[in-house]
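Report on one structure; see the data block that follows.
See the structure below:
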């Protein structure tokens, strides 16, 4: 038992100890945060890359596996009968050992070669891009430290924005090259989608991190207020940065900025939930097409599987061919109704299957974000920092466009209705019929058989004729350089060099049009830009 006379003294000493411990924890947190930022990764991003990523089946232990070194402290203190815990932890990522000396992809970009090493091993490309992103983040952190030491009168475009532009251009070029490779020629893996999302998330966070520094906002604001920059592109870039930072509540009071960030976090969370529920919706799982005759005039890529039944999945790639080529009105109507009403009704008590409340939550938090910055509606907030400026201007434009387009639309709608009544015995056109009727009416009007016509337009001759038309219109020259030992992922791919009328090399066009295994898209094109083009922006 503690004497009553000593309990007050003991409680005071305990509280002072608790305050000292919390102060020590905050100091350690600050120190660790500085060390973490030096490698440009905060703790939540380190854990995001915490799993092993296998990019090459021939490599049992790829170096894209991310580890972490953790430091922690956990202390408990007793206040009466209540136990409180104060502590800290930090996760330091193991940065990939990808340098120009041992990574061909990184060396290619650092040497400013005008064509990427797109045939480099997938593991090298992924590791190299991650390493470049992390180093770019460290560069930005160091740059912000330098800005804190500068005086306002010493700020110029050359020491505020220009120091990181070259490295940012390299990082974005690396990311888009990796993205192209992942979409067109990447080892099949159930983790591929996760790899997409993680590298995309890392890129967004590292490239946009500069907009969250208060010192950078003040420096850019000073540049815009002075308006001393003579080059037009520099003024536009500074204005863009300023408006972008204004749109995320930079320059507002700390309380408003904290509230804005809170609402923005809720929006991100519920948008992710919306997409997840939409992706996992069961509304499309029971739609099957069993009659092959309803696709008699469909092209080969739609009917590549001759034997049914055919299951309709909830993707645009599956829905559009059904609406365009299926001659059964009932099937089209069922697919359309289920497509537009996905995730709109609850079907399962064990999990969320409806997005109705999610959409309302997103709308509410978006409205609060706008209100914090003084806007009446979210539409006003979104347009205030863009060329359109306000919803009033957008409405004026759309009304003028509708007034001019309406007569043409009414004429075409009448033609489609007449054709549907005469040829298809459809006397009332539904939205689900328009894809099919528009195609059939055009083919009948111009007496064209699409299945027969497609064999008269093989891809490459048609593409070359298109390039000739573009050359004539824009005064540029496309030249096939496929046989010049440039990297390409498949023999079907062709590469064209692009020059203007004066002979200035503008870049190369990487054209990958055909489907194949491990390719996510049916078409892809990559414009490889040279260093010369970048320096003349």
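Residue numbers (the UniProt record's numbering): 1 to 537. Glycine residues also receive a C-beta, built at the ideal position from the N, C-alpha and C atoms. This structure is a prediction, so every number in the text was calculated from the model and none was measured.
(message) Check whether the region 290-304 and the region 313-327 touch, using three or more Cβ-Cβ pairs below 8 Å as the test.
(response) In this structure the region 290-304 touches the region 313-327; the number of beta carbon pairs closer than 8 Å is three or more.
(message) Starting from residue 136, trace the alpha helix (DSSP H) in both directions and tell me its first and last residue.
(response) That run of the alpha helix (DSSP H) goes 122-149.
(message) Buried or exposed, going by whether 16 or more other CB atoms sit within 10 Å of the CB of residue 148?
(response) Classification of residue 148: exposed, given that the 10 Å Cβ count is below 16.
(request) Express the C-alpha separation of residue 361 and residue 256 in angstroms, rounding to a whole number. (result) Using only the alpha carbons, I get a separation of about 20 Å.
(request) State the Cα-Cα distance for the pair residue 185 and residue 415, rounded to the nearest angstrom. (result) When the Cα atoms are used, residue 185 and residue 415 turn out to be separated by approximately 45 Å.
(request) Check whether the Cβ atoms of residue 104 and residue 120 lie closer than 8 Å to each other. (result) For the pair residue 104 and residue 120, the CB atoms are nearer than the 8 Å cut-off.
(message) Would you call the region 156-176 in contact with the region 132-144, where contact means no fewer than 3 C-beta pairs closer than 8 Å?
(response) With a cut-off of 8 Å, the region 132-144 and the region 156-176 count as touching, because enough Cβ pairs lie within range.
(request) Could you have a look at residue 263 and say whether DSSP puts it in helix, strand or coil? (result) Helix, per DSSP.
(request) Note down the Cα distance separating residue 271 from residue 187, rounded to an integer number of angstroms. (result) Looking at the two C-alpha atoms, the distance is approximately 29 Å.
(request) Indicate the three-state DSSP secondary structure (helix, strand or coil) for residue 378 in the structure shown. (result) The three-state reading of DSSP puts residue 378 in helix, counting H, G and I together.
(request) Locate the beta strand (DSSP E) running through residue 510, then write down its first and last residues. (result) Residues 505-512.
(request) May I have the straight-line CA-CA distance separating residue 518 from residue 304, to the nearest angstrom? (result) Cα-Cα distance, rounded: 18 Å.
(request) Find out if the Cβ-Cβ distance for the pair residue 499, residue 508 is shorter than 8 Å. (result) In this structure, residue 508 does not lie closer than 8 Å to residue 499 by Cβ.
(request) From the DSSP output, in three-state form, read off residue 337 for me. (result) The DSSP-derived three-state label of residue 337 is helix.
(message) I'd like the span of the alpha helix (DSSP H) that includes residue 154, first residue to last.
(response) Per DSSP, residue 154 lies in no alpha helix (DSSP H) and is assigned neither H nor E.
(message) Checking the sheet assignment: what are the DSSP bridge partners for residue 495?
(response) The partner list for residue 495 (beta bridge, DSSP) reads 510.
(request) Taking 8 Å as the cut-off, decide whether the C-beta atoms of residue 250 and residue 217 are in contact. (result) Taking 8 Å as the cut-off, the Cβ atoms of residue 250 and residue 217 count as close.
(request) Take residue 152 as the anchor and find which of 225, 237, 129, 506 has the nearest alpha-carbon. (result) Taking each of 225, 237, 129, 506 in turn and checking the Cα distance to residue 152, the smallest one comes out for 225.
(request) Taking only the alpha-carbon atoms, compute the straight-line gap between residue 268 and residue 468 and give it to the nearest angstrom. (result) Residue 268 and residue 468 have their alpha carbons spaced roughly 45 Å apart.
(request) Leaving aside the five residues before and after residue 520 along the sequence, list all residues of the same chain whose C-beta is less than 7 Å from its C-beta, in chain order. (result) Once the five neighbours on either side are set aside, the close Cβ partners of residue 520 are 183.
(request) Measure the alpha-carbon distance for residue 230 versus residue 274 and round it to whole angstroms. (result) One C-alpha to the other measures close to 46 Å.
(message) Beta-carbon within less than 6 Å of residue 355's beta-carbon, same chain only, minus the 5 sequence neighbours each way: which residues are those?
(response) For residue 355, the CB contacts under 6 Å within the same chain, skipping 5 residues up- and downstream, are 274, 277, 343 in chain order.
(request) Using three-state DSSP, classify residue 479 as helix, strand or coil. (result) Of the three classes helix, strand and coil, the one that applies to residue 479 here is strand, per DSSP.
(request) Taking residue 122 as the reference, give the member of 180, 101, 110, 159 with the closest Cα. (result) When only C-alpha atoms are compared, the closest one is 180.
(message) On the CB-based measure, 16 or more other CB atoms within 10 Å of its CB, does residue 412 come out buried or exposed?
(response) That one is exposed.
(message) By the three-class DSSP mapping on this structure, what secondary structure does residue 500 have?
(response) Assigned with DSSP and collapsed to three states, residue 500 falls in strand.
(request) Could you check what DSSP says for residue 289 in three-state terms: helix, strand or coil? (result) Residue 289 falls in the strand class under three-state DSSP.
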